[in-house]
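If you count by my numbering, then the sequence shown holds residues 232 to 637, one letter each, in order. Ideal Cβ positions, reconstructed from N, Cα and C, are used throughout, including at glycine. The next block holds one structure in the form of structure tokens; read it before the comments.
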Amino acid sequence: MAPSAYDVDRIRWHFPALREGAAHFDGPGGSQVPDTVATAVVETLTSAISNRGTVTPAERRADRIVVEARAAMGDLLAVDPGGIVFGRSATELTFHLARTLSSDWGPGDEVVVSRLDHDANIRPWVLAAETVGATVRWADFDPATGELPPEAVGAVVTDRTRLVAVTAASNLIGTRPDLPAIAEIAHAAGALLWVDGVHATAHVLTDVPATGADFWVCSPYKFLGPHLGVLAAAPELLETLHPAKLVPSSNAVPERFELGTLPYELLAGTTAAVDFLADLALTDPSLPRRARLVTSFAALEEHEDGLRAHLQAGLAELPGVRLWSRAVHRTPTLLMTFDGRDAADAYRFLAERGVNAPAGSFYALEASRWLGLGDAGGLRAGLAPYTDADDVDRLLRGLREFHSMC
Ligand SMILES: Cc1ncc(COP(=O)(O)O)c(C=O)c1O
């Protein structure tokens, strides 16, 4: 079915939160949740459930929920479900794996981080390197264009690089670096590629093997699901790693990486979120979920690109608005500042009019500073699957009023 099968009114109907009336541009911080996800969470919590096992129905239910959630994430990311690890958040998973991966690094070894990244894909590597005496090298993006060219990563990769950590998309300005080219550089040097897919996974169809990433982290609460984190890697690669774990807990992959009992209700919600994404564009329900995801993401991208163009055209007519999201390939996440006015004032002004577009640097502290925006950042307007043209018009109207008040 053609991408035009995207029916935003049908999609919005599934989001009870939207009935509160706000126009939500705060999706990059965490999306609103469809009714099907909430129902899956509630039904799991109100059904007989126990720890995973094979003896009682309650044990079998927990087991089935885990298996289904790994399968759903496998479909979303085009990876083997046997390499899906669940954790509390992408931040927690990155810290956990940074400790594990750095256990055989030492002085002279190097790790590359980028200034485009959220701190969740910087600090865990910086602290891990500090602990073992390894060196951190910084890949700088171009503040004028917002681009992180592969050459900027290549300039700091050496034959001592053990790992390159980079984002699939900036949560501040949306830039989507050329991951396959960066993977080629990292792998040619014998380094692993760790990709923060938290922002990207919500907007573009993900095919982890095609990006060349060895590790991919994402967070379902950014793509209509509940609050947890997901790591994807090839099971064969995970087999080579030995994280700190309790003695009685499973040493199998991927369970070896999962600390404590899994949040079954959130896993059920994650499966429901992937199913919801697969049906964003109504396709033939008998098609495999991955095929439906491919069609639905094509439709989502077209929908979000159209609204982004509408928003940008409106912003271009507003004097004194500076747009910082400039990269050629990027998500529909726009960072803006206002000549002579604080973005935080615009944030509050819009909030009073039921338009939620927060201001800040959103933990992309290095990126905000590199752009010259300090720790204050700017106003971020992020589009989501439920955003419609009326939302965009409300945002533009609010910004016009804000401007007229100066
Ligand atoms: C790009 C990016 N990376 C990492 C994170 C952190 O994710 P989590 O809250 O799952 O740790 C965020 C959250 O905003 C993000 O936008």
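> For Asp427 versus Ala351, is the C-beta spacing smaller than 8 Å?
Replying inline: Numbered from 1 along the sequence shown, position 196 holds the residue referred to as residue 427. Numbered from 1 along the sequence shown, position 120 holds the residue referred to as residue 351. Result yes, Cβ atoms of Asp427 and Ala351 sit closer than 8 Å.
> Which ranges would you report for the alpha helix (DSSP H) in the stretch 420-471 if only whole runs of at least 4 residues count?
Replying inline: 439-442 and 466-470
>> Classify His473: buried if its beta carbon has 16 or more other beta carbons within 10 angstroms, exposed otherwise.
In response: Here residue 473 corresponds to residue number 242 of the sequence shown, with the count starting at 1. Its Cβ having fewer than 16 others within 10 Å, His473 is exposed.
> Asp650 to Thr437, Cα distance in whole Å?
Replying inline: The chain is shown from 232 up to 637; residue 650 falls before or after that span and cannot be answered.
> Which same chain residues, not among the five before or five after Asp622, have their C-beta less than 6 Å away from its C-beta?
Replying inline: Position 391 of the sequence shown holds residue 622. Same-chain partners within the cutoff: Ala254.
>> Quick check: is any heavy atom of ligand 1 less than 7 Å from the C-beta of Pro265?
In response: Mapped onto the sequence shown, residue 265 falls at position 34. Answer for Pro265: no, Cβ out of range of ligand 1.
> Which residues in the same chain have their Cβ closer than 7 Å to the Cβ of Arg319, if we skip the five residues on either side of it in sequence?
Replying inline: Counted from its first residue, the sequence shown places residue 319 at position 88. Excluding positions up to five away in sequence, the list reads Leu459 and Gly460.
>> Tell me the residue span of the alpha helix (DSSP H) that contains Gly609.
In response: For the purposes of this step, residue 609 is taken as residue 378 along the sequence shown, with counting starting at 1. Not the alpha helix (DSSP H): Gly609 falls in the beta strand (DSSP E), residues Gly609 to Gly613.
>> Strictly by DSSP, which residues pair up with Ala590?
In response: If you number the sequence shown from 1, residue 590 lands on position 359. DSSP output for Ala590 lists Leu610 as bridge partner(s).
> Can you round the beta-carbon distance between Phe256 and Leu626 to whole angstroms, since I take them to be within the 8 Å contact cut?
Replying inline: As a first step, residue 256 must be located in the sequence shown, where it is residue number 25. As a first step, residue 626 must be located in the sequence shown, where it is residue number 395. Contact flag correct, Cβ pair sits at about 6 Å.
> CA-CA distance, Val554 and Glu415?
Replying inline: Here residue 554 is taken as the residue at index 323 of the sequence shown, counted from 1. Here residue 415 is taken as the residue at index 184 of the sequence shown, counted from 1. Strictly speaking, residue 554 in this sequence is Leu, with Val absent from that position. The alpha-carbon atoms of Leu554 and Glu415 are separated by roughly 32 Å.
> What is the DSSP secondary structure of Ala253, counted as helix, strand or coil?
Replying inline: Sequence index remark: in the sequence shown, residue 253 carries index 22 (1-based). Looking at Ala253 - three-state DSSP - the assignment turns out to be coil, as it is neither helix nor strand.
> For the stretch 307-324 against the stretch 463-472, are there 3 or more C-beta pairs whose distance is under 8 Å?
Replying inline: yes
>> According to DSSP, Ser345 sits in a beta bridge with which residue or residues?
In response: As a position in the sequence shown, residue 345 is number 114, starting the count at 1. DSSP lists Ala370 as partners of Ser345.
>> Strictly by DSSP, which residues pair up with Leu394?
In response: Residue mapping note: residue 394 aligns to position 163 of the sequence shown, counting from 1. Answer is Val342 and Leu423.
> If you run the structure through DSSP and keep just helix, strand and coil, what is Ile416?
Replying inline: Here residue 416 refers to the residue found at position 185 of the sequence shown. The answer is helix: DSSP assigns Ile416 an H, G or I state.
>> Closer than 7 Å to a non-hydrogen atom of ligand 1 - does that hold for the CB of Pro259?
In response: Reading the sequence shown from its first residue, position 28 is the one you call residue 259. At least one heavy atom of ligand 1 is nearer than 7 Å to the Cβ of Pro259, so yes.
> Assuming Leu394 and Leu423 make a contact with CB atoms under 8 Å, what is their CB distance in whole Å?
Replying inline: By one-based count along the sequence shown, residue 394 stands at place 163. By one-based count along the sequence shown, residue 423 stands at place 192. That pair is a contact at about 5 Å.
> Nearest to Leu610 by alpha carbon, out of Val397, Pro616 and Ala588?
Replying inline: Translated into the one-based positions of the sequence shown, residue 610 becomes position 379. Of the listed residues, the one whose Cα sits closest to Leu610 is Ala588.
> Is the Cβ-Cβ distance between Val268 and Ala248 less than 8 Å?
Replying inline: Here residue 268 refers to the residue found at position 37 of the sequence shown. Here residue 248 refers to the residue found at position 17 of the sequence shown. It is not a contact, given that the beta carbons lie outside the stated cut-off.
> Which residues have their C-beta within less than 5 Å of a heavy atom of ligand 1, listed in chain order?
Replying inline: Ser320, Ala321, Thr322, His349, Ala351, Asn402, Asp427, Val429, His430, Ser450 and Gly460
> Span of the beta strand (DSSP E) holding Gly318?
Replying inline: Reading the sequence shown from its first residue, position 87 is the one you call residue 318. First-last of the beta strand (DSSP E) with Gly318: Ile315 to Gly318.
>> Under DSSP, the beta strand (DSSP E) around Leu554 begins and ends at which residues?
In response: The residue given as residue 554 occupies position 323 in the sequence shown. From DSSP, the beta strand (DSSP E) with Leu554 extends over Val552 to Leu554.
> In this structure, does DSSP put Arg572 in helix, strand or coil?
Replying inline: The residue you call residue 572 lines up with position 341 of the sequence shown. Strand.
> Which stretch, first to last residue, makes up the alpha helix (DSSP H) that contains Ile353?
Replying inline: Against the sequence shown, residue 353 aligns to sequence position 122. From DSSP, Ile353 is part of no alpha helix (DSSP H); its letter is neither H nor E.
> If you check the beta carbons only, do Arg391 and Glu341 fall under 8 Å apart?
Replying inline: Position 160 of the sequence shown holds residue 391. Position 110 of the sequence shown holds residue 341. In this structure, Glu341 lies closer than 8 Å to Arg391 by Cβ.
> Helix or strand or just coil, what does DSSP make of His245?
Replying inline: As a first step, residue 245 is located in the sequence shown; it is residue number 14 there, counting from the start. Coil, per DSSP.
> For Arg291, does the three-state DSSP call read helix, strand or coil?
Replying inline: As a working mapping, residue 291 is identified with position 60 in the sequence shown. If DSSP states are grouped into helix, strand and coil, Arg291 belongs with the helices.
>> I'd like to confirm the pairing. Which residues does DSSP put opposite Met567 in its beta bridges?
In response: Residue 567 sits at position 336 when you count from the first residue of the sequence shown. DSSP output for Met567 lists Leu554 and Leu610 as bridge partner(s).
>> Under 8 Å, with one C-beta from each stretch per pair, do the stretch 435-452 and the stretch 295-311 reach the 3-pair mark?
In response: yes
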